[in-house]
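In UniProt numbering, the protein residues as written are 1 to 188.
All C-beta atoms in this analysis are idealised placements derived from N, C-alpha and C, irrespective of residue type, glycine included.
See structure below.
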């Protein structure tokens with residue numbers, strides 16, 4: 001009797017486990033196989049990843065993950081992710097009193113995350129000229145991202161710029177993957 005595991009949901013609870021988990025997911029993303037004709041490896045991607053589709057019809061692969069951390073531990077990563085960018089809906093103002101808006105300037109992304117954003121937009125990582133490429137499927141973009149990062153071998157020096165685990169997270173998360181505990185701050 002062999003029980004085949006169909007899905008694994010990973011729980012990452014706390015800052016340290018999210019650091020370790022980010023390394024794990026970056027490794028899994030680098031070895032992710034989008035080709036259904038390839039032989040099954042030791043780690044089956046469809047067990048760890050969930051296939052989805054964006055509003056634009058692009059196929060996505062997001063980890064089956066629930067990550068919990070404190071407020072302030074995401075820095076540049078949005079809690080709802082960036083894959084399923086729903087347009088911001090204008091909310092109806094029902095309050096007739098005075099309104100005070102408190103905004104925080106977003107944290108700056110390190111060069112590694114900036115380069116990943118460029119690749120997501122379909123741009124190449126040439127130092128001098130960034131030419132936009134035509135939009136492709138998520139599988140083609142991910143394979144292209146891996147090959148461009150490998151060819152470039154850019155020294156990012158993340159040791160000085162990484163403050164939280166999301167500063168070196170390579171892949172996109174599902175909007176419901178992250179749960180933030182707002183009662184406590186990461187920085188104290």
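Residue closest to residue i, alpha-carbon to alpha-carbon, out of the options
| i | options | result |
| --- | --- | --- |
| residue 8 | 181, 169, 44 and 18 | 44 |
| residue 46 | 24, 156 and 6 | 6 |
| residue 20 | 49, 48, 53 and 67 | 67 |
| residue 116 | 100, 104, 76 and 102 | 76 |
| residue 48 | 56, 31 and 57 | 31 |
| residue 29 | 178, 185, 173 and 180 | 173 |
| residue 12 | 54, 105, 178 and 106 | 178 |
Residue i - DSSP class collapsed to helix/strand/coil
| i | result |
| --- | --- |
| residue 114 | helix |
| residue 173 | coil |
| residue 52 | strand |
| residue 22 | helix |
| residue 107 | coil |
| residue 180 | strand |
| residue 12 | strand |
| residue 186 | coil |
| residue 65 | strand |
Beta-carbon proximity list for residue i, same chain, < 6 Å, skipping 5 on both sides
| i | result |
| --- | --- |
| residue 26 | 170 |
| residue 10 | 65 |
| residue 1 | In this prediction, residue 1 has a pLDDT of 46, which is less than 50 and means its spatial position is unreliable; what the coordinates show is noted afterwards. Correct list: empty, nothing qualifies. |
Residue environment, residue i, which counts as buried when at least 16 other CB atoms sit within 10 Å
| i | result |
| --- | --- |
| residue 63 | buried |
Sequence-distant residues of the same chain with beta carbon closer than 8 Å to residue i, five excluded per side
| i | result |
| --- | --- |
| residue 22 | 165, 166, 168 and 169 |
| residue 51 | 59, 60 and 61 |
| residue 158 | 110, 112, 167 and 168 |
Same chain only: Cβ atoms within 7 Å of residue i, ignoring 5 sequence neighbours per side
| i | result |
| --- | --- |
| residue 80 | 175 |
| residue 182 | 71 |
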